[in-house]
Amino acid sequence: MKKIIFSTFIIIGMIAIAGIADVLSTSMETEEEIVPTAFEKVYGKEQLALIEAGEVTEGSLCLVEPKGITLYFYNIILDDYIYFRKIKGERYPLAEGETRFDRIEKYNEDIIELYNFKTGETEKTIDFAAIAEENTPGKQFKRFIEAEVIDGKPYLQWKVYPVEEPHNVERAEIITYDLNEERVVDYIDISPPSQYTEEEKRYYKSFYLIDDSWCNFLEINGFIRESIDKKGIYVDYTDSWRDGVIIVEMPASMLPENNVKLYAEFPRLKEYDIKAGDCVRLFFAGYPDAEEIMGMLMEDGTELTYEGCILDSVLSIDGKEHEVSNMDEYIKWCNWKLVNRNLESKQYTE
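Position 190 (the sequence shown) corresponds to 189 in numbering that gives the first Met the number 0; numbering is contiguous.
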């Protein structure tokens, strides 16, 4: 009987040991699955084929990217600057189904350089990783910087997100940075007033003529409202900052061969040897309207047309389709309550 009990204990012990070994094995496998890999990302001056400040209009800028470089990262701030970024960190793969993303990235280094595109000099270098570690441990900068001059002082603002939840907007925090004093300060609202002047309203409404997917103005003038890789054109503006800068991004091969206004603004672009896959990002400053923008993208001698230009019923004030023959008619029939309530003003009626 004792032998049977002893044998039973041995068997149970062996099963337990096997179970522990299995757990350890699984644990080791799990640890192996989450071993991080080092990575580096660079959005720098050396990656751009051309950086050219506007010769005619203060604040205009041309960037040309070789194939494979992302241009949407580059934006003008404080009128004179674009920012470059250099990241070093660790990438952690996540188990399938853990989140809707397959990895998280932890930044050990995150350096932002403020580059004055008018002088060609890097004027400020900011260690975003160190700022995050000191002020918001466990969170890090994601992508976009906003900036404004308040009472004569320049401020930067950006959002930081939890490392493990980089898309959780509810847990994001806003960092306000005094650029002169080079330190984090209490939150300051750097956004412009929500109300537009009547002059601003008309200007931004005119821009929607080329941004509106419910109107075919771009298409009837020979452009495709598509992604860059599909030979399309991307047009945008930052109405929230109301700086009067229109952004146009397109394959460099689509640039006009001859355009006096465009190449007076960017003479080096005219001489640039375009290569397969090059993309161009143009920042047109000075509050140019839709027709002025189109005029700098078309071959000299090509007439801008409204023939066949239709505003879809989805976006019209009376729910009917309208053929528009000029910018004012588009503004008249567009339902601004649906487009941008801040631009809403007295609607036209028949």
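By construction, the Cβ of each residue, glycine as well, lies at the ideal position given by its N, Cα and C atoms.
From a predicted model like this one, the values you see are computed outputs, not experimental measurements.
Only residues of its own chain outside the window of five on either side were considered, and among them 35, 36, 38, 102, 104 have a CB closer than 7 Å to the CB of residue 90, listed in chain order.
Judged by their CB atoms, residue 83 and residue 112 are nearer to each other than the 8 Å cut-off. Comparing C-alpha distances from residue 123 to each of 164, 77, 65 shows the shortest one belongs to 77. Linking residue 125 to residue 285 through their CA atoms gives a straight-line distance of about 29 Å. Annotation for residue 113: the continuous beta strand (DSSP E) segment containing it runs 102-115.
Burial of residue 243 is indicated by the presence of at least 16 other C-beta atoms within 10 angstroms of its C-beta.
Per DSSP, residue 161 is one residue of the beta strand (DSSP E) stretching across 152-161. Per DSSP, residue 331 lies in no beta strand (DSSP E) segment; the continuous alpha helix (DSSP H) that holds it begins and ends at 326-332. Under the DSSP assignment, residue 294 falls in the alpha helix (DSSP H) whose first and last residues are 289-294. Straight across, the Cα-Cα distance linking residue 187 with residue 247 is about 31 Å.
Taking the Cα positions, residue 142 is about 16 Å away from residue 176. Residue 114 sits away from residue 204, with the two beta carbons spaced by 8 Å or more. Counting the other CB atoms within 10 Å of its CB gives residue 88 a total of 16 or more, which places it among the buried residues.
Shown here, residue 338 sits in a helix according to DSSP, grouped into three states. Note that the C-beta distance between residue 311 and residue 214 is below 8 Å.
Annotation for residue 336: 343 place their beta carbon closer than 8 Å to its own, counting only its chain and skipping 5 residues before and after. Distance from the CA of residue 224 to the CA of residue 211, rounded to the nearest whole angstrom, comes to 10 Å.
Beta-bridge partners of residue 138 (DSSP): 161. Put simply, of 191, 296, 174 the residue whose alpha carbon is nearest the alpha carbon of residue 184 is 174. Distances from the CA of residue 118 to each of 80, 108, 158 were compared; the closest alpha carbon is that of 80. If you draw a straight line from the Cα of residue 201 to the Cα of residue 249, it is about 26 Å long. Scanning its chain for C-beta atoms nearer than 6 Å, with the 5 sequence neighbours on each side dropped, one finds around residue 108 the residues 87, 128, in chain order. Here residue 240 has 191 as same chain residues with Cβ atoms under 7 Å from its own Cβ, once five neighbours each way along the sequence are excluded. Ranking 152, 170, 51 by CA distance to the CA of residue 116 puts 51 first. When secondary structure is reduced to three states using DSSP, residue 280 falls in the strand class.
Apart from sequence neighbours up to five positions away, the residues of its chain that approach residue 234 with a beta-carbon distance below 6 Å are 209, 210, 247, ordered along the chain. Per DSSP, residue 62 is one residue of the beta strand (DSSP E) stretching across 60-64. For residue 263 against residue 54, the beta-carbon gap comes to about 7 Å, under 8 Å, which counts as contact.
In the structure shown, the three-state DSSP call for residue 235 is strand.
In terms of CA proximity to residue 130, 156 leads the group 152, 120, 279, 156. Apart from the 5 residues on each side of it in sequence, residue 136 has no Cβ closer than 8 Å to any other Cβ in its chain. Assignment of beta-bridge partners to residue 124 by DSSP yields 112. In the same chain as residue 106, and ignoring 5 residues on each side of it, the C-beta atoms closer than 6 Å to its own belong to 86, 88, 128, 139, in chain order.
Shown here for residue 199: same chain residues with a beta carbon closer than 7 Å to its own, the five before and five after excluded, namely 241 in chain order.
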